[in-house]
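Quick notes on the structure that follows.
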Ligand SMILES: *Cc1c(COP(=O)(O)O)cnc(C)c1O
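Residue numbers (this note's numbering): 232 to 678.
This is how it looks when you write it as structure tokens:
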């Protein structure tokens, strides 16, 4: 049997209709270098989706490789209750330098969904322990995505992932999110005053007293198709949370570590959340690790004699894994020393300009929205009315298959094609990736 056949014999791949693999067998990757992946047959792919948005500084980055190898010969893992280690401590110290102010207590877990679950439980228990036992619900934005576990799905609202499980999910308050491309108020993302906050205002007035927290993806609703909304809206959400005594949880799992041009998306709005979740880029996409970070005030509400029963009895076996911390420390060092964000600001501009130049005039490209190096190309059936293609046509998926043949990993979100490449991508690599992308789209549409 070939490796492809053996793969399909055993492996149930994530987020996939496995029947699709009859036509598009799994691509078996042998090795990676920088933005490139190479399969066992010698084909090369440019990874402009950062292997699910986590690869921050390129595949097999020599400095991160070295850091993990060094750590490996010292300590691979240790129980994190009562025990600790230098890489975890140093990592917190270094993160303190870059995270929004006020955040200072770090609770480790091993994936994004787990960090979200941790945030939800923390917010709930915090409110209970400060005498607000009636605050049991969560608020969230429509089209939000926060992971796949039951709690995380409950505060997400994308039918694609959650619909079938509705009977299992918590009852949450959904606030209509900004939809800047098709703004119902006829405003423009770059000049509006975040007027669509009216939906949130209404929801807060009606439900805030029963809500412990609001969770949001700051500025970028990634899974919904790289939907981008302006900082002013996030700022207004922070104000509403303050006014109505609701905690703000910022899910920076996708947006953290320079993806939006600043270290964190919250920085664009100049706000600090009460709880922040980070993962993905944290270890450069090397090791599964996540952190839920919170304030002294929230931490203090759990701090008492053991018998008072206030402790946060939440744990994950791999909390604070030393290899993950070593990778994360290497990432921090590279971000600090190698001008990564400055360079990415430059290449980010270049990428958006290239895509705009080559694609925006096409009749089937509705919008090319961007923040940092992230660009979302929304394909539409009718540019005037902004009507989208029927989902059954799977336009994005068809283009994805063509792009793979041309050496581009461009996994779409419905009919939104997107670039979210490692921050170290060069202009030459961008030229090559954009050419492959444009020719794939043109091949599909025939022009
Ligand atoms: C990816 C993602 C998650 C979930 O992280 P996993 O590690 O896949 O569980 C949660 N929130 C956002 C915004 C994400 O992009």
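Just so it is clear, CB atoms sit at the ideal spot from N, CA and C, and this is done for glycine as well.
Whether residue i touches residue j by CB criterion (7 angstroms)
i: residue 646; j: residue 627; result: yes
i: residue 361; j: residue 532; result: yes
i: residue 262; j: residue 269; result: yes
i: residue 343; j: residue 542; result: no
i: residue 667; j: residue 637; result: yes
i: residue 318; j: residue 519; result: no
i: residue 292; j: residue 516; result: no
i: residue 547; j: residue 238; result: no
i: residue 346; j: residue 523; result: yes
i: residue 694; j: residue 505; result: Outside the modelled stretch of the chain, which goes from 232 to 678, sits residue 694, for which no answer is possible.
i: residue 266; j: residue 672; result: no
i: residue 354; j: residue 255; result: no
i: residue 352; j: residue 404; result: no
i: residue 401; j: residue 385; result: yes
i: residue 514; j: residue 555; result: yes
Residue range of the unbroken alpha helix (DSSP H) whose run includes residue i
i: residue 555; result: 553–568
i: residue 349; result: 343–360
i: residue 508; result: Segment 506–509 is the beta strand (DSSP E) holding residue 508; no alpha helix (DSSP H) there.
i: residue 237; result: 234–241
i: residue 587; result: 571–590
i: residue 661; result: 658–676
i: residue 498; result: 497–500
i: residue 325; result: 317–327
i: residue 310; result: No alpha helix (DSSP H) contains residue 310, which DSSP labels as neither H nor E.
i: residue 436; result: 428–438
Counterpart residues of residue i in DSSP-defined beta bridges
i: residue 290; result: 265
i: residue 371; result: 405, 446
i: residue 600; result: 607
i: residue 616; result: DSSP, once it has assigned bridges, lists no residue as partnering residue 616.
i: residue 486; result: Paired residue(s): none; residue 486 is not in a bridge.
i: residue 522; result: 339, 509
i: residue 639; result: 277
i: residue 260; result: 270
Residue span of the beta strand (DSSP E) that contains residue i, given as start and end
i: residue 479; result: 478–482
i: residue 338; result: 334–340
i: residue 611; result: 605–613
i: residue 647; result: 647–650
i: residue 412; result: That residue, residue 412, is in no beta strand (DSSP E); it is neither H nor E in DSSP.
i: residue 421; result: No beta strand (DSSP E) contains residue 421, which DSSP labels as neither H nor E.
i: residue 276; result: 275–278
Buried or exposed by the 16-neighbour rule on C-beta atoms within 10 Å, applied to residue i
i: residue 508; result: buried
i: residue 350; result: buried
i: residue 458; result: buried
i: residue 536; result: exposed
i: residue 608; result: buried
i: residue 236; result: exposed
i: residue 276; result: buried
i: residue 511; result: buried
Contact with chain D by residue i, beta-carbon distance below 7 angstroms
i: residue 406; result: Judged by its chain identifiers, the structure shown contains no chain D, having just a single protein chain.
Checklist entry - Touching or not, the segment 486–495 and the segment 601–611, by the rule of three or more beta carbon pairs under 8 angstroms? => result yes
Checklist entry - For the 8 angstroms Cβ check, are there 3 or more pairs between the segment 649–657 and the segment 277–285? => result yes
Next on the checklist: Between the segment 302–311 and the segment 623–638, can you find at least three pairs of beta-carbon atoms closer than 8 angstroms?
Outcome noted: no
Checklist entry - Can at least three beta-carbon pairs, one atom from the segment 608–622 and one from the segment 464–474, be found at a separation below 8 angstroms? => result no
Item to check | the segment 424–443 contacting the segment 574–590, beta-carbon criterion three pairs below 8 angstroms | outcome: A contact is defined here as three or more CB-CB pairs under 8 angstroms, and the segment 424–443 fails this definition with respect to the segment 574–590.
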